[in-house]
Amino acid sequence: MTGLATSTAHSTPRMSATYRKRHRRGVALFALFAFPNLALIGVFAYWPVLENLYLSLTRWDFIGPAPLFVGLENYAQLFTSATFVDVLRITLIWVVVVVGVSLVLGIALASLFSMKLPGTTLVTGIVFAPHVIAGAAIAAVWLFIFDPNYGLARVLFNAVGLSSPSWITDAKWALPALLIVSIWKGVGFVSIVYLAGMQGMPSDVLEAARLDGANRWQLFRRIILPLLSPTTFFLVITQTIGAFQAFDVIAVMTGGGPASATTTLSWFIYDQAFNRSNVGYSAAAGTVMFVLLMAITILQFRFVERKVHY
Amino acid sequence: MHPRPHRRDRARSGLTRRQLLGAGLVAASTPALAACFNGGTGAAEDTVYGQPSGDIPDEFSDRQRVVLWSNWTSHNAEVLQRNIDAFHEAQADIFCEIQIFEGYDNVESKLAASLQAKQVPDISVLSDVVWNRFYLNQALEPLTGYFDENFGTDAFHEKFITEGTVKNDVWWVPFGRSTPLFYFNRDIFADVGLPDRAPETYEEYRDWGMELKGYRRNSTDVAMRAYTGTDDWYFQGSSWAFGGGYSNGLDMLFTSEETIAALEFDRAFIHDEGLGYLAADPTGDFISGAAASMLQSTGALTGIDEAAEFEYGCGFLPQQATTGVPTGGGGLSILRYASDERKQAAWEVLKFLCTGAASVDWTLGTGYLPTTKAALESDQVRQKAAENPNYQVAIDQLDIAQGPDVVRRYVPECVPEANGVIQAVYSGGNDPESALTTMQSNLESAIDRIRSQYEERVEG
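Chains as they are written, first to last, in the numbering used here: chain A, 1356 to 1665; chain B, 4 to 463.
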């Protein structure tokens, strides 16, 4: 007993030193592998966030030599601006419609694809293709489609005895037009992710439900949808962030117009900085977007994730 | 051992040490951030910035390199490159590399970024409503001292060179300059029985529109005018024609009775009489015959010549109380922060492009107006004007053209605000008075931001 106690007393500092050495080596190895990535993230993600935060407290036109520190003036102006309220309203419509419709259409398409009807592979490819095509190219094509004088939309409307609206230049139609394009571009990705989720479902659960007499709707509502909740959760987060950041289609098709009818938060940030040389004001809007996205993501993790069945 | 407090308990007990530290860090970081980023980059008089990188062909490796930032693409870019190639042939000391950023706005953004990156081109193409901002911020080189007896300021059309002159110094040399023209489809005008000319007044324009109303081609109603909502240039002109304008100095005129009347004319033209519409592509609609007329730049002449499958004519812009023709387009400036050698070499490039055969080739190749007296009076330009009367119209109209109002030139928010207003009126039929009043109010703070600079650098 005494011998054991003595041995333990002697070995503890030695083990501790060995442990510390191993620990240091582990930390060094971690740093070696992690540092390049952390450095990239630091330089290209966190540094711009800090720079943006600083710029939001300044007034600067991009050309002048130094930004002028103005404290919270830009934020005060932003939160008392009727234009900004309108921008937030349009952004909310944009995000809710794009995310909502993409998810509904995506799951419907995925359900169709999972039936493995003839030609499914080809149709899946066609539906997914817009996701991998550059947004600017898609926007250019849709500009032709929407042209009220010689576009495809005109032909379709004329076929049913109606005249095509001026999709892009009419303030009432411009936002619906962009929503159509944005949903069309993104729904392929959503459907493929849902399809992957469906294909990974345990077949015995589905089989058991069928044996218990569940009809198709009950199967979808009670079994498939809950089992797809991790996929839905992932898509809601990524699609929401993507919808907030939508830019290319807006830039090419409407430039935020007509009369700001399609000015979402991301376009507003660009417009203020690069068209109006209001760098500080733009940075303040950028910070608002950053905080909004962070808050939405935290809320989703806090409350929506609880309803996810893994 | 104390049990770890539950999160809720901690929340009740007030700020944790970590939260307190975090809050302190945020509070402390605000002034610290101000010191960390960008602060104090004001440049001294003799500051020299680097040159953007690029490729120098082996045969020019021993020459002084000049970088020219241009907005022109496709055909116009080819014409410019052809002239630069001729420059390389004509001398053995300088190599000029053109770097293209499509559109005036992109050149402006890139140039602003380059000033922060302390790496600037030697020459840049800048539009008529952009160069002034770089001038206010002392980023441009005064060029008066570079002119000599062989190439003086009097080589240029007076109207154009005056526009680039502030306080007796030339900062911006006219190059790709234009004015808007009235383009009309002669076939449609003949079909309807309208005179084979442009309307003399906006009122006459409306009357002719009423005569055209109901006319159809290819099963489509033809509108009298396709409006653009992305360029307030034409409204700057009509605001003058109705006796108003954008501003007198920095004093805004948007809420003047005359300026409101100009926009009200457009609103009624589109929404009450149904004679026009806001088009996504007015030129395309004019060429396809969907619109019988449009206001478009002289710079579009060459393209319309090639694309139109009908007889078209050009005329002066309509008048009303007076004339209203704005000049537009781009010019060349040399950047102050280039080294003396680079600036001198850049001047040689600029001189070559603006004189002799190069200036004639440029104007004939692109359709831009001749900016020098020599080009204007050259045999080739005279011959083109004789062959194409539309081109002669563009030259003749120059006599009644004028540069943009001060607020449009010096206040960055003015053009996007004006575009928003004309879109709201053209598309939504909004009340012009209320839209222009809001615009004037929105621009007040923007004007205040540049007022001291303007008073010091322009008026002082």
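We put the CB at the ideal spot given by N, CA and C, even for glycine. Note that the structure is predicted; figures quoted are calculated from it, not measured.
Task: Alpha-carbon spacing of V1487 of chain A relative to I1578 of chain A, whole angstroms - done: Separation of V1487 of chain A and I1578 of chain A (C-alpha to C-alpha, rounded to the nearest whole angstrom) is 31 Å.
TODO: Return the CA-CA distance between G287 of chain B and G179 of chain B, expressed in angstroms with no decimal places.
DONE: 22 Å
Open item on the list: Rounded to whole angstroms, what is the Cα-Cα separation between R339 of chain B and G327 of chain B?
Closed with: 34 Å
Task: Three-state secondary structure (DSSP) of E276 of chain B - done: coil
Open item on the list: Counting only C-beta atoms, is S430 of chain B closer than 8 Å to chain A at any point?
Closed with: Yes, because at least one Cβ of chain A sits closer than 8 Å to the Cβ of S430 of chain B.
TODO: Identify which residue in B:G406, B:S300, B:T233 has its Cα closest to the Cα of A282 of chain B.
DONE: B:T233
Open item on the list: I need the boundaries of the alpha helix (DSSP H) containing V1545 of chain A, first residue and last residue.
Closed with: 1526 to 1554
Open item on the list: Measuring straight from C-alpha to C-alpha, what distance separates A348 of chain B and R66 of chain B?
Closed with: 10 Å
Task: Where the beta strand (DSSP E) through R228 of chain B begins and ends - done: 226 to 230 is the span of the beta strand (DSSP E), which, as asked, contains R228 of chain B.
Task: C-alpha distance - L184 of chain B paired with R68 of chain B, whole-angstrom precision - done: Spanning the two alpha carbons is a distance of roughly 39 Å.
Open item on the list: Check whether chain B comes within 8 Å of T1435 of chain A, counting only Cβ atoms and requiring the distance to be less than that.
Closed with: no
TODO: Kindly indicate the opening and closing residues of the beta strand (DSSP E) around P183 of chain B.
DONE: 183 to 188
TODO: Return the chain-ordered list of same chain residues with a C-beta closer than 7 Å to the C-beta of G1490 of chain A, the five sequence neighbours on each side being excluded.
DONE: Contacts found: K1540, D1603, V1604.
TODO: Mind checking the segment 287 to 309 of chain B against chain C and listing, in chain order, the residues whose C-beta falls within less than 7 Å of any C-beta there?
DONE: Looking at the structure shown, chain C is missing, and the protein chains on hand are A and B.
Task: DSSP bridge partner residues for Q122 of chain B (one or two, in chain order) - done: B:G53
Open item on the list: For a contact defined as C-beta to C-beta under 8 Å, what are the partners of P537 of chain B on chain A?
Closed with: This structure leaves residue 537 of chain B out entirely; chain B is present only between 4 and 463.
Task: Secondary structure of A341 of chain B, DSSP reduced to three states - done: If DSSP states are grouped into helix, strand and coil, A341 of chain B belongs with coil.
- [ ] May I ask you to report which of helix, strand or coil DSSP gives V132 of chain B?
- [x] Look at V132 of chain B here: in three-state DSSP terms it is coil, with no helix or strand label.
Open item on the list: Does R15 of chain B pass the burial test, meaning 16 or more other C-beta atoms within 10 Å, or should it be called exposed?
Closed with: Low local confidence applies: a pLDDT of 42 at R15 of chain B is under 50, so the model's placement there is unreliable, and no value is given.
Open item on the list: Let me make sure I understand the geometry here. Which of B:V461, B:T375, B:E416, B:F313 has the alpha-carbon closest to that of R189 of chain B?
Closed with: B:F313
Task: Secondary structure of Q299 of chain B, DSSP reduced to three states - done: Look at Q299 of chain B here: in three-state DSSP terms it is strand.
Open item on the list: So, does the segment 226 to 242 of chain B touch the segment 199 to 213 of chain B, judging by three or more C-beta pairs under 8 Å?
Closed with: yes
Open item on the list: Helix, strand or coil, according to DSSP, for D12 of chain B in the structure here?
Closed with: Since pLDDT at D12 of chain B reaches only 42, below the 50 mark, its modelled position is unreliable, and the value read off the structure follows with that caveat. If DSSP states are grouped into helix, strand and coil, D12 of chain B belongs with the helices.
- [ ] Using 10 angstroms around the beta-carbon of Q54 of chain B, count the other beta-carbons present and answer buried if the total reaches 16, otherwise exposed.
- [x] buried
Task: Proximity of A361 of chain B and N86 of chain B at Cβ, strictly below 8 Å - done: The beta carbons of A361 of chain B and N86 of chain B sit closer together than 8 Å.
Task: Cutoff 8 Å: Q426 of chain B Cβ touching any chain A Cβ - done: It does; some Cβ of chain A falls within 8 Å.
- [ ] Flag G252 of chain B as yes if its beta-carbon sits less than 8 Å from any beta-carbon of chain A, otherwise no.
- [x] no
Task: Inter-stretch contact (C-beta, 8 Å, three-pair minimum) for the segment 124 to 133 of chain B and the segment 331 to 346 of chain B - done: Verdict: yes, contact present.
- [ ] Measuring alpha carbon to alpha carbon, tell me which of A:L1533, A:F1434, A:A1400 ends up nearest R1449 of chain A.
- [x] The sequence shown places Trp at residue 1449 of chain A, rather than the Arg named in the question. Of the candidates A:L1533, A:F1434, A:A1400, the one whose C-alpha sits nearest the C-alpha of W1449 of chain A is A:L1533.
TODO: Could you tell me if T147 of chain B is buried or exposed, where buried requires 16 or more neighbouring beta carbons within 10 angstroms of its beta carbon?
DONE: exposed
Open item on the list: Contact criterion: CB-CB distance below 8 Å. Does G43 of chain B meet it with respect to chain A?
Closed with: Note on G43 of chain B: pLDDT 38, under 50, position unreliable in the model; the coordinate value appears next. True, the Cβ-Cβ gap to chain A drops below 8 Å.
- [ ] Measure the C-alpha to C-alpha separation of L1669 of chain A and I1462 of chain A and round it to an integer number of angstroms.
- [x] Only positions 1356 to 1665 of chain A appear in the structure, and residue 1669 of chain A is not among them; the question remains open.
Task: Backbone CA spacing between L1561 of chain A and I1653 of chain A [nearest angstrom] - done: 33 Å
TODO: Whole angstroms is fine: what's the gap from T1476 of chain A's alpha carbon to L1498 of chain A's?
DONE: 29 Å
Open item on the list: According to DSSP, is R270 of chain B part of a helix, a strand, or is it coil?
Closed with: Here R270 of chain B sits in helix by DSSP.
Task: A427 of chain B to D151 of chain B span [Cα, whole Å] - done: Rounded to the nearest whole angstrom, the C-alpha separation of A427 of chain B and D151 of chain B is 50 Å.
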